[in-house]
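Colleague:
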Ligand SMILES: Nc1ncnc2c1ncn2[C@@H]1O[C@H](COP(=O)(O)OP(=O)(O)OP(=O)(O)O)[C@@H](O)[C@H]1O
Ligand SMILES: [Mg+2]
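Residue numbers (my numbering), protein chains in the order written: chain A, 46 to 359; chain B, 191 to 540.
#1: What residues from chain A crowd round residue 347 of chain B, counting only those whose CB sits closer than 8 Å?
#2: Classify residue 275 of chain B as helix, strand or coil using the three-state DSSP reduction.
#3: Are the beta-carbon atoms belonging to residue 249 of chain B and residue 422 of chain B less than 9 Å from one another?
#4: Quick check: is the beta carbon of residue 255 of chain A nearer than 9 Å to any beta carbon in chain B?
#5: Residues of the stretch 322 to 346 of chain A with a CB closer than 7 Å to any CB of chain B: list them in chain order, please.
#6: Pull the bridge partners of residue 422 of chain B from the DSSP assignment, please.
#7: Can you tell me which of the three DSSP states residue 493 of chain B falls into?
#8: Does DSSP put residue 166 of chain A in a helix, in a strand, or in coil?
#9: Could you compute how far the alpha carbon of residue 157 of chain B sits from the alpha carbon of residue 262 of chain A?
#10: Can you pull out the residues from the stretch 279 to 302 of chain A whose beta carbon lies closer than 8 Å to at least one beta carbon of chain B?
#11: Give every residue of the same chain whose Cβ lies closer than 8 Å to the Cβ of residue 531 of chain B, excluding the five residues on either side of it in the sequence, and list them in chain order.
#12: Does the distance from the CB of residue 450 of chain B to the CB of residue 435 of chain B come in under 9 Å?
#13: By the criterion of Cβ-Cβ separation under 7 Å, what are the contact partners of residue 350 of chain A in chain B?
#14: Just how far apart, CA to CA, sit residue 321 of chain A and residue 288 of chain A?
#15: Any beta carbon from chain B within less than 9 Å of residue 177 of chain A's own beta carbon?
#16: For my contact list, residue 284 of chain A and residue 245 of chain A are in at a C-beta cut-off of 8 Å; report their separation, rounded to the angstrom.
#17: So, helix, strand or coil for residue 477 of chain B, using DSSP?
#18: Does the distance from the C-beta atom of residue 57 of chain A to that of residue 327 of chain A stay below 9 Å?
#19: Do we get a CB-CB distance below 9 Å when we pair residue 102 of chain A with the residues of chain B?
#20: Following the continuous alpha helix (DSSP H) through residue 206 of chain A, name the residue where it begins and the one where it ends.
#21: At 3 residues or longer, and completely inside the stretch 354 to 406 of chain B: list those beta strand (DSSP E) runs for me, N to C.
#22: Would you mind telling me which residues of chain A sit closer than 7 Å to residue 332 of chain B, beta carbon to beta carbon, in chain order?
#23: Against chain B, which members of the stretch 165 to 199 of chain A pass a CB distance test of less than 7 Å?
#24: Hey, out of A:278, A:135, A:86 and A:303, whose CA is closest to residue 318 of chain B's CA?
#25: Grouping DSSP H, G and I as helix and E and B as strand, with all else coil, what is residue 131 of chain A?
#26: Alpha carbon to alpha carbon, how far is residue 233 of chain B from residue 262 of chain B?
#27: Are any of the Cβ atoms in chain B nearer than 9 Å to that of residue 261 of chain A?
#28: Sort A:128, A:264, A:237 and A:64 by Cα distance to residue 83 of chain A and report the nearest one.
#29: Contact criterion: CB-CB distance below 9 Å. Does residue 508 of chain B meet it with respect to chain A?
#30: In whole angstroms, what is the alpha-carbon distance linking residue 408 of chain B and residue 311 of chain B?
#31: At what residues does the alpha helix (DSSP H) containing residue 332 of chain B begin and finish?
#32: Which class does residue 65 of chain A belong to by DSSP, given the choice of helix, strand or coil?
#33: Using the beta-carbon of each residue, find all residues closer than 7 Å to any heavy atom of ligand 2 and list them in chain order.
#34: Just the C-alpha distance for residue 52 of chain A and residue 61 of chain A, rounded to the nearest angstrom, thanks.
#35: Looking at the secondary structure, which residues open and close the beta strand (DSSP E) in which residue 435 of chain B lies?
#36: With a threshold of 9 Å between beta carbons, is residue 601 of chain B in contact with chain A?
Dropping the structure here:
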């Protein structure tokens with residue numbers, strides 16, 4: 046297991062390197078000169094040149110990249126072009142919101158998908174299976190802004206059960222934190238729940254038809270042991286992969302959902318940075334998100350090894 | 191001409207199974223019927239099959255693919271698919287009718303009093319668990335043993351079935367075993383609670399010939415040692431002589447002939463049995479093409495009204511097609527379902 050971890054970790058380094066090149070190349074793709082943007086109205090050519098010099102924009106690209114990576118590995122993502130604030134600080138400030146939202150969405154998705162997938166797979170062809178399939182298709186088809194609006198209208202405004210906007214840190218009040226996040230997390234998690242349900246239904250159905258499940262039943266094991274122990278450990282393998290993808294989608298989707306529910310998360314920061322062409326912030330956020338996704342993939346790989354002894358030994 | 195008109199064929203056995211020659215009857219199946227829900231309604235794939243097997247005895251069930259061998263035994267184990275039903279029959283094990291039990295009650299019997307070994311050793315073990323744990327699981331379930339005792343028992347039975355370095359190998363996963371070794375593991379699992387009856391459904395079909403012989407030896411040896419009843423399902427008469435005491439030949443969901451190995455091999459009374467014997471590879475004839483029975487078995491929804499084998503039978507006459515043929519006992523323990531049994535002289539194994 047440790048060997049597997051180290052081997053996978055070895056792959057992470059070149060991947061991070063590639064990602065850093067891609068992220069850095071954004072600078073080249075963004076139209077306009079940041080120095081001109083920064084210099085404000087009616088700048089003199091001297092002012093612009095001065096700014097270019099300060100930002101190192103006249104250095105060869107490769108040198109610029111070198112500086113950037115050097116700062117990066119030292120944990121310095123640079124400063125905002127506009128506010129001059131440290132990018133890392135801005136991210137850290139907003140990170141709890143996005144992390145809360147994404148992990149709660151994932152939790153909700155699993156709370157919905159695991160029982161739904163199991164019920165569907167163990168009742169194949171019956172009405173409850175069809176119901177689950179229809180529900181999952183709806184969950185996938187519904188755009189998150191639309192679902193979010195409906196949830197806000199019904200539970201936030203009409204019934205008044207839950208706040209429709211805003212965020213309360215968990216350190217301040219766990220209960221308020223949860224109440225504020227229920228609707229956004231449901232909105233964001235719906236598609237993940239649907240996708241995971243579908244995958245679990247498919248893989249568990251498949252597993253339950255396997256010979257070893259018949260062996261387990263022939264041993265006299267009860268339904269619970271057959272489905273949860275012998276079935277799920279095998280069915281989980283493809284499901285975990287899908288959940289790994291879902292995390293990336295959740296991070297992406299959180300941008301929209303955060304706007305919808307006025308949550309002060311990374312999404313807001315990213316949108317403003319894009320509108321302002323605040324390159325360091327964009328680079329910082331993308332680099333950060335990419336690192337998280339890579340880390341999740343590493344975890345998925347490790348779970349894979351835990352579930353599948355063949356992966357572990359190869 | 192119906193069989194009732196034949197004076198010497200009136201010893202109709204009906205749905206009573208012949209008791210085994212020796213030992214106490216361990217499992218007695220009578221008049222078993224199994225049907226599957228299909229697009230054409232209920233398809234009857236097992237039609238009134240009866241057999242009994244005694245402790246220390248091996249009964250081989252032989253027949254072509256689709257004759258209902260597996261389905262009959264899955265029915266007694268309560269392992270049929272949801273689309274199946276068992277409208278008639280009994281399966282007595284220690285005085286209990288297995289077919290009457292609820293799934294919950296069956297769970298207590300399965301793996302404990304009656305165990306099953308399947309055809310595909312490559313897929314019948316769970317790839318995600320150590321083989322030792324998979325065996326220990328049965329012991330824990332039925333013997334309520336501690337984790338440690340169950341593990342010890344797992345190692346013990348792995349050793350019994352001839353897995354070298356059993357204590358180490360118990361920690362290995364199925365993919366680390368060869369096909370033959372996995373089948374040994376399956377046998378060990380079946381033996382773990384010392385059941386009364388073991389059903390081995392084509393346990394050697396998927397294995398190499400040399401490995402086949404080893405697994406057969408093992409099955410025979412453990413049966414002798416532990417004195418359980420062994421139901422050995424196969425479509426290959428060749429292996430039957432090695433393991434079985436008695437044989438039931440099945441065709442299209444019915445028993446067509448039952449007898450001792452000697453009777454079946456040297457004095458077959460049913461043309462289908464003769465056909466099976468002729469299509470059996472003989473020692474020394476390797477490379478020669480095998481004689482096989484021409485034609486296909488009938489589908490469950492288009493069973494012939496008379497003898498089900500008649501369309502493929504070289505000896506068929508009009509009387510065969512007239513009415514369903516009953517199973518009759520010609521000599522004690524030797525039963526045949528053939529209108530012409532008394533007049534035909536069939537060729538046995540050389
Ligand atoms: N789940 C099922 N649904 C419908 N029909 C089935 C099902 N399982 C088996 N059957 C039918 O029951 C009949 C008997 O099948 P069975 O598996 O008992 O044959 P078998 O004698 O064991 O053959 P084989 O040598 O191929 O294992 C076949 O016609 C088969 O098509
Ligand atoms: Mg079969």
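Here a beta-carbon is modelled for each residue, glycine too, at the ideal position from N, C-alpha and C.
Modeller: Concretely, from the data shown:
#1: Numbered from 1 along the second chain, position 157 holds the residue referred to as residue 347 of chain B. Per Cβ cutoff of 8 Å: no residues; residue 347 of chain B is ~13 Å from chain A at best.
#2: If you number the second chain from 1, residue 275 of chain B lands on position 85. Assigned with DSSP and collapsed to three states, residue 275 of chain B falls in strand.
#3: Here residue 249 of chain B is taken as the residue at index 59 of the second chain, counted from 1. Here residue 422 of chain B is taken as the residue at index 232 of the second chain, counted from 1. Closer than 9 Å, so yes.
#4: Translated into positions along the first chain, residue 255 of chain A becomes position 210. Nearest CB-CB separation between residue 255 of chain A and chain B: below the 9 Å threshold.
#5: If you check each beta-carbon in the stretch 322 to 346 of chain A against every beta-carbon of chain B, none falls closer than 7 Å.
#6: Position 232 of the second chain, counting from 1, holds the residue named residue 422 of chain B. DSSP lists B:250 and B:390 as partners of residue 422 of chain B.
#7: Position 303 of the second chain, counted from the first residue, corresponds to residue 493 of chain B. Residue 493 of chain B carries a coil assignment under DSSP once its states are collapsed to helix, strand and coil.
#8: Translated into positions along the first chain, residue 166 of chain A becomes position 121. Correct three-state label for residue 166 of chain A: helix.
#9: Look at the range of chain B in this structure, 191 to 540, and you will see that residue 157 of chain B is not part of it.
#10: Listed in sequence order: 279.
#11: For this step, residue 531 of chain B is matched to residue 341 along the second chain. Only 199, 459, 460, 518 and 520 meet the Cβ criterion.
#12: By one-based count along the second chain, residue 450 of chain B stands at place 260. By one-based count along the second chain, residue 435 of chain B stands at place 245. Closer than 9 Å, so yes.
#13: On the first chain, position 305 is the one that residue 350 of chain A refers to. None at all; the shortest Cβ gap to chain B is about 12 Å.
#14: Here residue 321 of chain A is taken as the residue at index 276 of the first chain, counted from 1. Here residue 288 of chain A is taken as the residue at index 243 of the first chain, counted from 1. Across the structure, residue 321 of chain A and residue 288 of chain A are spaced so that their CA atoms are roughly 34 Å apart.
#15: Within the first chain, numbered from 1, the residue matching residue 177 of chain A stands at position 132. Cβ-Cβ to chain B under 9 Å: no for residue 177 of chain A.
#16: Taking the first residue of the first chain as position 1, residue 284 of chain A is located at position 239. Taking the first residue of the first chain as position 1, residue 245 of chain A is located at position 200. Between residue 245 of chain A and residue 284 of chain A the Cβ distance is about 5 Å, and since that is below 8 Å, they are a contact.
#17: Locating residue 477 of chain B in the second chain gives position 287, where the first residue counts as 1. The pLDDT assigned to residue 477 of chain B is 46, lower than 50, so where the model puts this residue is not dependable, and the model offers no usable value.
#18: As a first step, residue 57 of chain A is located in the first chain; it is residue number 12 there, counting from the start. As a first step, residue 327 of chain A is located in the first chain; it is residue number 282 there, counting from the start. Cβ atoms of residue 57 of chain A and residue 327 of chain A: not closer than 9 Å.
#19: For the purposes of this step, residue 102 of chain A is identified with residue 57 of the first chain, where counting begins at 1. Answer no: the Cβ-Cβ gap between residue 102 of chain A and chain B never drops below 9 Å.
#20: By 1-based counting over the first chain, the position of residue 206 of chain A is 161. That residue, residue 206 of chain A, is in no alpha helix (DSSP H); it is neither H nor E in DSSP.
#21: As summarised for the stretch 354 to 406 of chain B, the continuous beta strand (DSSP E) elements at least 3 residues long and confined to that stretch are 387 to 391, given in chain order.
#22: On the second chain, position 142 is the one that residue 332 of chain B refers to. Within chain A, the residues near residue 332 of chain B are 265.
#23: Using a CB distance below 7 Å, no part of the stretch 165 to 199 of chain A faces chain B.
#24: Taking the second chain and counting its residues from 1, the one referred to as residue 318 of chain B is at position 128. Out of A:278, A:135, A:86 and A:303, A:278 has the C-alpha closest to the C-alpha of residue 318 of chain B.
#25: Working through the first chain from its first residue, we reach residue 131 of chain A at position 86. Looking at residue 131 of chain A - three-state DSSP - the assignment turns out to be strand.
#26: The residue given as residue 233 of chain B occupies position 43 in the second chain. The residue given as residue 262 of chain B occupies position 72 in the second chain. Going from the Cα of residue 233 of chain B to the Cα of residue 262 of chain B covers about 14 Å.
#27: Here residue 261 of chain A corresponds to residue number 216 of the first chain, with the count starting at 1. True, the Cβ-Cβ gap to chain B drops below 9 Å.
#28: Residue numbering aside, residue 83 of chain A sits at position 38 when the first chain is read from its first letter. When each option's Cα is compared against that of residue 83 of chain A, the closest is A:128.
#29: Translated into positions along the second chain, residue 508 of chain B becomes position 318. Residue contact with chain A for residue 508 of chain B: absent (no Cβ-Cβ distance below 9 Å to any residue of chain A).
#30: Counted from its first residue, the second chain places residue 408 of chain B at position 218. Counted from its first residue, the second chain places residue 311 of chain B at position 121. Straight-line Cα distance between these residues: approximately 15 Å.
#31: By 1-based counting over the second chain, the position of residue 332 of chain B is 142. Per DSSP, residue 332 of chain B belongs to the alpha helix (DSSP H) from 321 to 333.
#32: Working through the first chain from its first residue, we reach residue 65 of chain A at position 20. In this structure, residue 65 of chain A counts as helix in the three-state DSSP scheme.
#33: Close to ligand 2, as judged by a C-beta nearer than 7 Å to any of its heavy atoms, are the residues B:259, B:260, B:309, B:391, B:392 and B:423, in chain order.
#34: As a first step, residue 52 of chain A must be located in the first chain, where it is residue number 7. As a first step, residue 61 of chain A must be located in the first chain, where it is residue number 16. Residue 52 of chain A and residue 61 of chain A: Cα-Cα distance of roughly 15 Å.
#35: Locating residue 435 of chain B in the second chain gives position 245, where the first residue counts as 1. Segment: none, residue 435 of chain B is in no beta strand (DSSP E) and carries neither H nor E.
#36: Missing from the structure shown is residue 601 of chain B; chain B here goes from 191 to 540 and no further.
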